[in-house]
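Chemist: In full-length UniProt numbering, the protein residues as written are 1 to 940.
Where a beta carbon is used, it is the ideal one built from N, C-alpha and C, also for glycine.
Supplied in structure tokens, the structure appears directly below.
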């Protein structure tokens with residue numbers, strides 16, 4: 001029992017290596033080593049080089065982070081607050097909690113500077129680790145106290161003489177330290193006793209313990225006046241040690257290192273194979289500037305024989321890659337590290353392990369060693385003519401095992417199939433019969449599953465996992481599924497599953513329906529990282545679709561996939577890129593993939609098929625993503641293809657994309673307009689609105705207007721009855737934006753058939769939306785078309801649909817007083833004015849009205865016969881009122897301004913973005929408002 005056995009397990013995935021050492025002396029205590037990581041923060045290096053010394057000191061002190069400059073990780077001060085809270089919670093949770101009387105304080109002493117011999121030069125300062133864990137303080141000679149009952153924290157810092165400022169710059173105040181380290185109070189170290197007395201402190205908990213590794217004892221806490229308190233040396237050390245050990249490995253402030261978080265949790269399993277036990281842990285992994293915490297399984301080794309045999313097999317397999325395969329006999333097996341093989345008879349071999357207490361000798365039968373031999377290795381040796389009785393013995397055992405596994409799999413499938421057919425018989429059987437049958441069934445299933453998991457073919461494991469999914473008679477969580485899931489996770493972590501097999505394993509586990517097995521999917525990220533180089537372009541889409549199955553390791557998997565996408569985007573089709581984009585949500589998660597999509601569009605759009613482009617552009621539209629590269633790629637495509645474009649869905653997709661993202665590109669819209677002129681009669685009715693409406697919305701005249709509007713009249717007249725009501729209204733309003741008035745279609749617009757379609761709508765929001773469009777069309781035709789004599793139907797004027805934009809309301813409140821100062825008083829201003837005789841819709845609300853009246857009003861009585869240009873309407877333009885990347889207003893806003901001017905108002909406009917920028921700068925705001933009023937456009 002005193003023999004020390006050191007075993008190591010490595011998991012290589014991406015850019016990290018995890019080593020775990022277990023020892024019988026430390027009773028399953030897990031220790032962690034740090035991970036060396038290359039930090040991608042060179043940009044901060046340049047920023048720091050330009051700072052002066054005093055600026056650097058102030059910069060590093062004011063940050064609320066524990067940070068060792070560039071190329072190291074930043075730790076927020078909230079972590080140390082959480083550490084203190086956890087320590088206090090553990091103390092309070094002790095069974096004999098009555099000992100924590102009021103006035104019990106934890107007192108910790110920080111590290112001190114150590115001089116170099118007898119000089120005034122000091123060794124590099126290292127903070128005392130327990131004090132560092134609780135407070136995160138970087139300065140020497142500090143103390144910290146924590147009230148056990150209230151959790152309040154107090155930091156004591158040295159009182160420095162004023163002359164220290166000559167060398168150190170500005171001396172930091174107590175408030176500076178309080179804000180810097182997030183504590184409740186700060187005092188000087190010469191006030192410790194007096195402050196604790198004011199707090200009615202009675203018992204001080206201080207450290208007293210020995211480090212099991214260094215054998216050194218913690219330093220005794222000493223300060224002036226400590227003799228006036230009762231000091232407890234017994235309880236703090238074990239509590240703070242357990243608080244640190246159960247949460248994370250001991251953290252030392254050292255650059256280029258990352259701390260493992262080991263919160264030990266055993267994977268819940270009741271599998272009968274006790275040789276395999278899984279422990280779950282969490283680790284931090286850094287990829288570039290992104291750090292993720294991900295779960296990981298650790299296989300607990302209970303048999304040193306199995307560990308060494310497995311290691312030996314891997315050494316043999318790795319050596320076989322570079323030389324001709326051969327059979328390794330008992331006398332030439334490669335030696336493992338720390339072991340040596342000794343000949344001890346024809347049927348047994350021994351493994352000797354040297355330890356501090358002596359030598360441990362383990363025996364392993366020859367037949368067990370032969371079972372683990374690779375079949376391919378045996379066959380290669382036979383082909384080379386190097387055969388003997390041992391070769392045939394190994395081949396016989398290996399083939400027998402594989403055949404047994406396959407027979408077990410077929411038996412498992414047949415047994416589950418028969419169970420489904422015997423459902424009726426089971427319902428009529430007695431309880432005694434059912435109990436006996438269940439026991440027999442469990443025994444058989446256990447044997448079958450234990451045989452299947454011994455197969456070297458991972459495909460067998462997946463087939464067994466899939467077969468168990470159809471088992472309807474066992475509980476939703478059972479020992480068979482546990483055993484199979486464990487084997488899948490082990491093989492994935494060992495890198496034995498291919499990418500396709502990992503994808504299939506995810507889908508099978510999801511279909512199990514129980515959260516216990518769905519959570520196993522999070523462990524498969526290691527297998528994906530191990531096989532990262534095997535991810536081919538055709539596997540990217542199913543992998544991205546599998547992202548939704550991950551939870552805790554989703555971000556890590558996404559990082560791996562984004563990296564592969566950035567390498568392989570050129571080999572993808574448009575449909576594949578669309579499928580990938582459709583799998584992602586959230587701006588941050590999309591950014592890397594959208595960047596790859598932009599590169600793809602810039603390079604591959606002109607060589608892609610029309611079907612692929614329809615899918616690709618549709619995904620960009622769904623994600624509402626556009627940049628200059630994509631706009632230019634679209635323009636190049638339509639101009640280069642021109643008359644070669646055949647699919648109307650592609651034209652509709654491009655125009656829909658331009659409409660939704662308000663891309664006003666003359667080349668793109670012109671080519672799409674020419675397509676309508678050429679193929680108008682063949683375009684399906686459902687695609688007419690997406691192709692025609694963007695011209696008016698983006699306020700861009702179509703190409704060859706005479707031919708275009710001629711084709712428009714011909715197509716719309718023939719297809720109007722086939723249009724959806726919303727599409728028909730969008731087309732008509734688009735015409736009015738461009739000052740084209742469809743007089744010939746008025747009878748069809750207000751026909752009883754069309755109105756009946758409006759009445760058949762049952763969704764109130766949709767009805768209100770359609771009615772508002774009808775009201776706008778009716779009002780526009782009345783104001784701008786002389787041949788229009790009014791709507792034959794009654795359109796109500798209720799105000800329930802009015803909902804003013806809160807951004808406009810807010811900015812009006814902020815500029816109201818400066819604007820009133822310019823126009824001569826607040827009584828000359830009215831906000832959110834509704835125009836009488838016009839529909840009560842947002843389109844006809846004036847944001848601000850400047851008038852000569854003596855009183856503000858919310859409703860302005862229109863009189864078109866009065867003198868014009870007396871009143872000034874101020875319209876505020878939000879960012880979405882402009883076309884993308886331009887200063888061109890969209891069609892509805894241009895029509896709004898045109899109609900307000902026709903009503904006799906002068907019109908001034910204000911840009912919301914500029915108002916938000918100048919709102920806190922009075923001079924610039926007044927200048928901007930004055931300039932806008934001076935340049936107001938007169939009435940038409």
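1) Using the rule of at least 16 other Cβ atoms within 10 Å of the residue's Cβ for burial, across every protein chain shown, is residue 122 buried or exposed?
2) Assuming residue 232 and residue 203 are in contact, meaning their beta carbons sit under 8 Å apart, how far apart are those beta carbons, in whole angstroms?
3) By alpha-carbon positions, which one of 835, 820, 837, 836 ends up nearest to residue 829?
4) Can you tell which of 758, 137, 126, 90 has the C-alpha that lies nearest to the C-alpha of residue 79?
5) Is residue 295 helix, strand or coil by DSSP?
6) Determine whether the beta carbon atoms of residue 699 and residue 843 lie at a separation below 9 Å.
7) Helix, strand or coil for residue 66? Go by DSSP, reduced to three states.
8) By how many angstroms is the C-alpha of residue 575 removed from the C-alpha of residue 620?
9) Tell me the rounded alpha-carbon separation between residue 918 and residue 879.
10) Have a look at 637, 616, 784, 105 and flag the residue whose alpha-carbon is nearest the alpha-carbon of residue 192.
11) Does the beta-carbon distance from residue 522 to residue 552 come in below 9 Å?
12) Measuring straight from C-alpha to C-alpha, what distance separates residue 717 and residue 784?
13) Taking a contact to mean a Cβ-Cβ separation below 9 Å, would you say residue 827 touches residue 858 in this structure?
14) Throw me the rounded Cβ distance for the residue 109 and residue 219 pair, which I believe falls under 8 Å.
15) In this structure, how does DSSP classify residue 183 when only helix, strand and coil are distinguished?
16) Unbroken alpha helix (DSSP H) runs of length 4 or more, entirely within the region 791-872: which are they?
17) Can you name the start and end residues of the beta strand (DSSP E) that residue 105 belongs to?
18) Pull the bridge partners of residue 156 from the DSSP assignment, please.
19) Which residues in the same chain have their Cβ closer than 6 Å to the Cβ of residue 669, if we skip the five residues on either side of it in sequence?
20) Could you check whether residue 688 and residue 656 sit closer than 9 Å to each other, using their CB atoms as the reference points?
21) What whole-angstrom Cβ distance do residue 207 and residue 181 have, given they're in contact under 8 Å?
22) Mind checking residue 116: buried by the 16 CB within 10 Å criterion, or exposed?
23) Quick one: residues in its chain with C-beta nearer than 7 Å to the C-beta of residue 555, no 5 flanking neighbours on either side, listed in chain order?
24) I'd like the ranges of any alpha helix (DSSP H) spanning at least 4 consecutive residues and lying wholly in the region 424-507.
25) On the three-state DSSP scale, how would you describe residue 606?
26) Count the C-beta pairs between the region 868-884 and the region 894-914 that are closer than 8 Å, then say yes if the count reaches three, no if not.
27) Does residue 790 pass the burial test, meaning 16 or more other C-beta atoms within 10 Å, or should it be called exposed?
28) For residue 921, which residues from the same chain have a beta carbon less than 8 Å from its beta carbon, with the 5 sequence-adjacent residues on both sides left out?
29) Any contact of the region 466-473 with the region 507-526, i.e. 3+ C-beta pairs under 8 Å?
30) Which value, in whole angstroms, describes the spacing of the CA atoms of residue 764 and residue 684?
31) According to DSSP, simplified to helix, strand and coil, what is residue 115?
32) Check each candidate in 781, 931, 903, 782 and name the one with the smallest Cα separation from residue 938.
33) Can you name, in chain order, every residue of its own chain whose Cβ lies under 6 Å from the Cβ of residue 57, other than the five neighbours on each side?
34) Excluding the five sequence neighbours on either side, which residues of its own chain have a C-beta within less than 6 Å of the C-beta of residue 934, listed in chain order?
35) How should residue 167 be labelled, buried or exposed, when 16 other C-beta atoms within 10 angstroms of its C-beta is the threshold for buried?
36) Nearest-angstrom Cα distance between residue 833 and residue 868?
Modeler: Looking at the coordinates:
1) Label assigned to residue 122: exposed.
2) 6 Å
3) 820
4) 137
5) strand
6) no
7) Residue 66 carries a strand assignment under DSSP once its states are collapsed to helix, strand and coil.
8) 12 Å
9) 16 Å
10) 105
11) Contact flag set, yes.
12) Distance between the alpha carbons of residue 717 and residue 784 is about 22 Å.
13) Not in contact: residue 827 and residue 858 (Cβ atoms no closer than 9 Å).
14) 7 Å
15) coil
16) 806-823
17) Under the DSSP assignment, residue 105 falls in the beta strand (DSSP E) whose first and last residues are 104-109.
18) 143, 187
19) If the five residues before and after residue 669 are omitted, its C-beta is found closer than 6 Å to the C-beta atoms of 700, all from its own chain and listed in chain order.
20) no
21) Their Cβ separation, rounded to whole angstroms, is 20 Å, which puts residue 207 and residue 181 out of contact at 8 Å.
22) exposed
23) 292
24) 431-452, 458-469, 479-493
25) helix
26) Between the region 868-884 and the region 894-914 there are three or more C-beta pairs closer than 8 Å, enough to call the two in contact.
27) exposed
28) none
29) yes
30) 29 Å
31) Under the three-state reduction of DSSP, residue 115 is assigned to strand.
32) 903
33) At residue 57 the pLDDT is 47, less than 50, meaning the model places this residue with poor confidence and gives no usable figure here.
34) Sequence-distant Cβ neighbours of residue 934 in its own chain, meaning closer than 6 Å and more than five residues away, do not exist here.
35) exposed
36) Computed Cα separation, rounded: 18 Å.
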